[in-house]
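Q: Mind looking over this structure? Questions follow.
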Amino acid sequence: VKVIKVNTSIMRGKLKSFKGTVGYKKDFKKAIVTLAEGNTIDSSLEIK
1219 VKVIKVNTSI MRGKLKSFKG TVGYKKDFKK AIVTLAEGNT IDSSLEIK
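Start counting at 1 in the sequence shown, then tack on 1218, and there's your number in this note's numbering.
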């Protein structure tokens, strides 16, 4: 697989409330990968 570029961004956690207490879910990092034309990633493979 030939990778052209990778863009990353930090997604802020959402506001949640539980029994009147307000808190936030955890932040997480999202990566957007651009592949060369004709390349694909098979996402149906099972990871063990």
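Glycine residues also receive a C-beta, built at the ideal position from the N, C-alpha and C atoms. Nothing here was measured: the structure is a model prediction, and the numbers come from that model.
1. Determine the DSSP secondary structure at N1225, reduced to helix, strand or coil.
2. Would you give the residue range spanned by the beta strand (DSSP E) that A1249 belongs to?
3. Find out if the Cβ-Cβ distance for the pair K1234, K1248 is shorter than 8 Å.
4. What is the C-beta distance between K1223 and T1252, in whole angstroms, given that I count them as a contact (C-beta under 8 Å)?
5. Could you work out which residue in I1265, G1256, G1241 and T1239 is closest to V1219 when comparing CA atoms only?
A: In short, the structure shows the following:
1. The answer is strand: DSSP assigns N1225 an E or B state.
2. Counting along the chain, the beta strand (DSSP E) containing A1249 begins and ends at F1246 to L1253.
3. No, the Cβ-Cβ distance between K1234 and K1248 is not below 8 Å.
4. Contact flag correct, Cβ pair sits at about 5 Å.
5. Of the candidates I1265, G1256, G1241 and T1239, the residue whose Cα lies closest to the Cα of V1219 is G1256.
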